[in-house]
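Enquirer:
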Amino acid sequence: MTAGLDLLADGGTVTLTDGTEVPLRYSFRALALLEARFGSVANVQNAIDTTGTKPSFGPIMQLVGAGTVGPGGFEPHFREHQDAKGDRKIAGDIVFRRRTDGADLADLLHPGHLSQYVDAFNASFSKALAALGNDDAPPTGATVETVSPGLSATTSPSVPSTFSRAPSGT
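Using the working numbering, the letters of the sequence shown correspond one by one to residues 5 to 174.
1) Would you report the Cα separation of residue 40 and residue 93, rounded to the nearest angstrom?
2) Does the segment 104-120 touch the segment 45-52, meaning 3 or more C-beta pairs lie closer than 8 Å?
3) Leaving out five residues before and five after residue 33 in sequence, what residues of the same chain have Cβ atoms less than 8 Å from its Cβ?
4) Looking at the unbroken beta strand (DSSP E) that takes in residue 113, where does it start and where does it end?
5) Using a 10 Å radius around the Cβ and a threshold of 16 neighbouring Cβ atoms, would you call residue 119 buried or exposed?
6) Count the other C-beta atoms from every protein chain shown that fall within 10 angstroms of the C-beta of residue 124, then say buried if there are 16 or more, exposed otherwise.
7) If you reduce the DSSP assignment to three classes, tell me which class residue 127 lands in.
8) Got a sec? Which residues, its chain only, sit under 6 Å from residue 121 by beta carbon, not counting five neighbours each side?
9) In whole angstroms, what is the alpha-carbon distance linking residue 133 and residue 126?
10) For residue 69, which of helix, strand or coil comes out of DSSP?
11) Name, in chain order, the residues that DSSP records as bridge partners for residue 101.
12) For residue 98, tell me which candidate among 42, 29 and 66 has the shortest Cα-Cα distance.
Next up, the structure:
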């Protein structure tokens with residue numbers, strides 16, 4: 005039996021400036037967001053600049069933010085751009101807002117904890133991508149094309165499982 009992605013692998017936790025500890029988990033949704041933002045899994049892995057010549061705070065915020073997406077965590081908000089060929093790309097950075105109070109993750113990260121964020125990302129991302137045998141993994145640098153039913157300026161918050169749709173005509 006081949007093991008696939010451990011989608012709920014807790015490899016790291018980050019502590020926000022308000023004292024909240026947030027576990028990082030890279031589900032398919034989180035990985036798809038990162039691919040849409042950076043272009044491929046290979047680009048995600050190369051987003052952290054160790055040379056000091058490219059931006060690092062923004063990409064790390066994006067990497068950490070994707071790991072906080074999910075129940076009880078943060079919700080991504082972004083703009084999509086569709087080019088003349090019909091290809092969709094995320095325009096600019098994804099804003100991650102906490103579901104409980106709408107706080108922006110970027111305001112809750114501390115620049116002095118950059119190495120903690122990188123370590124937590126590396127641990128969580130590595131665990132999520134670890135697979136025994138790796139038979140079903142896409143080749144390094146492979147991109148996955150997604151199809152969406154229409155343009156969207158931002159994502160909508162997830163609907164709670166207790167949501168009941170009103171009958172039509174009322």
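By construction, the Cβ of each residue, glycine as well, lies at the ideal position given by its N, Cα and C atoms. As the structure is a prediction and not an experimental result, all values here were calculated from the model.
Expert: With the given structure in hand:
1) Roughly 6 Å between the two C-alpha positions.
2) Per the Cβ contact rule, the segment 45-52 is not in contact with the segment 104-120 (fewer than 3 Cβ pairs under 8 Å).
3) Excluding positions up to five away in sequence, the list reads 73 and 74.
4) Unbroken run through residue 113: none, as it is neither H nor E.
5) Exposed, because fewer than 16 other Cβ atoms sit within 10 Å of the Cβ of residue 119.
6) For residue 124, the number of other beta carbons within 10 angstroms of its own is at least 16, and it is reported as buried.
7) Residue 127: helix per DSSP, three-state reduction.
8) Only 18, 64 and 68 meet the Cβ criterion.
9) A straight-line Cα-Cα distance of about 11 Å links residue 133 and residue 126.
10) Helix, per DSSP.
11) Residue pairing by DSSP places residue 101 opposite 79 and 108 in a beta bridge.
12) Of the listed residues, the one whose Cα sits closest to residue 98 is 66.
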